[in-house]
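Read the structure below first, then the notes.
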């Protein structure tokens with residue numbers, strides 16, 4: 102088909118696109134090799150390329166080997182076409198609106214308008230729902246790129262906004278880490294809602310690995326496609342530092358991807374893991390990840406002691422006769438573990454908050470009664486003020502050597518009164534850096 106398209110004029114391509122519009126809203130099921138696609142795209146005229154972006158948006162937008170700037174235009178055109186289609190229901194339009202919203206940084210969330218957003222991939226309908234990946238930053242030129250992989254119940258309708266905010270938070274903390282160390286890199290982070298994630302309990306989907314296997318295959322194609330497009334010296338741009346960051350069931354998905362990729366990534370960071378299928382992934386050594394000078398793979402793992410969801414996912418995966426998944430924090434996996442408990446920088450006194458639940462983006466109000474499983478506001482794994490976000494930013498930019506052992510947070514019991522909690526209920530309050538210095542006599 103690509104060879105045929107190369108022989109058509111821009112006008113003929115547009116006519117073809119109108120005649121086959123439904124078919125061309127989706128990508129190829131068996132796409133050609135990336136090198137072949139790169140050569141084909143480069144051999145088209147500028148007018149042919151522009152026509153194909155409009156005529157075959159689903160193909161061009163999802164085809165590895167085409168520059169991401171062109172893919173972004175095609176995917177945006179595809180979202181527009183589906184949205185404007187009179188057959189699209191109001192309910193489906195409301196879901197597509199979430200994609201439009203994700204492309205616009207929210208000023209009330211202090212999101213960085215200087216970092217461009219674009220659609221990396223878009224599938225209009227898979228198992229009754231769309232799939233999408235939104236990039237923050239320029240994937241064609243960034244020198245440090247991170248794929249951010251979510252866990253259960255992260256759909257376009259219910260999760261894209263929150264997950265893209267977490268991707269933006271990661272971008273911001275990576276940027277800050279670079280400024281502090283003087284190692285300035287151009288960044289891109291992908292909010293990858295690109296697989297059919299399992300439903301939350303009481304559904305038992307999250308206890309199975311089937312959706313992780315299917316999602317892992319998609320993620321492997323995306324990572325390899327990126328690596329092969331951005332080969333060293335391609336278009337005068339050096340090979341970037343490529344990272345995977347994954348949360349909860351996303352760690353299971355990412356582990357399947359990284360045993361099947363053709364190309365290694367530079368780092369992997371798992372947080373709040375729902376467990377790794379140990380019969381399929383024997384250890385961190387099985388993942389296609391770069392190794393350090395001692396031969397250990399750069400696979401980093403963390404989980405908060407207050408994360409009460411991840412352990413249920415691990416334990417539950419062994420129910421009903423299943424083999425079960427194991428915790429990658431344990432020694433069998435061979436990952437490089439770091440803390441999410443918070444603390445004070447021993448050199449500067451700067452405070453990093455602890456992670457108080459399973460969420461990447463904390464939302465529950467402390468004392469609200471919603472904190473048994475949810476992380477409190479600003480205390481999620483990727484919230485910028487937490488130790489976990491700081492350390493994940495370091496691991497995903499090649500600065501893991503800068504991770505410090507912090508002075509533990511000091512806490513005291515205080516009485517709170519009001520509508521948010523019963524009279525006289527005791528809660529913990531972290532001491533401020535000044536209070537800590539006073540405690541230490543500094």
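Residue numbers (this note's numbering): 102 to 543. Ideal Cβ positions, reconstructed from N, Cα and C, are used throughout, including at glycine.
Here residue 445 is buried. Its C-beta has 16 or more other C-beta atoms within 10 Å. In the three-state reduction of the DSSP assignment, residue 221 falls in the strand class, which pools E and B.
Nearest in C-alpha terms to residue 441, of all of 414, 402, 418, is 402.
Boundaries of the alpha helix (DSSP H) around residue 412: 411-417.
Within the same chain, Cβ atoms closer than 6 Å to the Cβ of residue 472 are found at 465, the five residues on either side in sequence being excluded. Counting C-beta pairs with one atom in each stretch, the region 234-253 and the region 286-296 have three or more that are closer than 8 Å, which means they touch. For a cut-off of 8 Å, the C-beta gap from residue 231 to residue 242 is around 28 Å, too long to register as a contact. Only exposed fits residue 131, as fewer than 16 other CB atoms lie within 10 angstroms of its CB. Counting C-beta atoms within 10 angstroms of its own C-beta, residue 488 has 16 or more neighbours from the protein chains shown and is therefore classed as buried. Taking 8 Å as the upper bound for CB-CB distance, residue 379 and residue 427 are in contact here, some 5 Å apart. Per the Cβ contact rule, the region 375-392 is in contact with the region 424-438 (3 or more Cβ pairs under 8 Å).
In this structure residue 285 is exposed. Its beta-carbon is surrounded by fewer than 16 other beta-carbon atoms within 10 angstroms. Between residue 257 and residue 199, the gap from beta carbon to beta carbon is short of 8 Å. If you draw a 10 Å sphere on the C-beta of residue 172, you find 16 or more other C-beta atoms in it, and that means buried. Exclusion of the five residues before and after residue 392 leaves 398, 399 as the residues of its chain whose Cβ lies within less than 8 Å of its Cβ. Residue 349 and residue 315 have their C-alpha atoms spaced approximately 16 Å apart. A straight-line Cα-Cα distance of about 43 Å links residue 206 and residue 424. Distances from the alpha-carbon of residue 253 to those of 123, 312, 323, 448 put 312 closest.
Of the candidates 181, 331, 129, 110, 331 places its Cα closest to the Cα of residue 240. For residue 234, the uninterrupted beta strand (DSSP E) segment begins and ends at 230-238. Inside the region 316-371, DSSP marks whole alpha helix (DSSP H) runs of 4 or more residues at positions 350-359, from first to last along the chain. In terms of Cα proximity to residue 136, the closest of 328, 261, 105, 192 is 328. Take the alpha-carbon of residue 364 and the one of residue 323: they are about 11 Å apart. Under the three-state reduction of DSSP output, residue 509 falls in the coil class, being neither helix nor strand.
In this structure, residue 138 lies near residue 166, with their beta-carbon atoms less than 8 Å apart. Under the Cβ criterion (8 Å, minimum of three pairs), the region 478-493 counts as touching the region 449-465.
Sequence-distant Cβ neighbours of residue 410 in its own chain, meaning closer than 6 Å and more than five residues away, are 459, 474. Pairing residue 182 with residue 126 gives a Cβ-Cβ distance under 8 Å. When beta bridges are read from the DSSP output, residue 401 appears opposite 370, 437. One alpha carbon belongs to residue 263, the other to residue 283, and they sit about 30 Å apart.
Under DSSP, residue 289 forms a beta bridge with 238, 246. Selection 538, 374, 495 evaluated against residue 431 yields 374 as nearest (Cα-Cα).
Between residue 498 and residue 278, the beta carbon gap of about 6 Å places them in contact (Cβ cut-off 8 Å).
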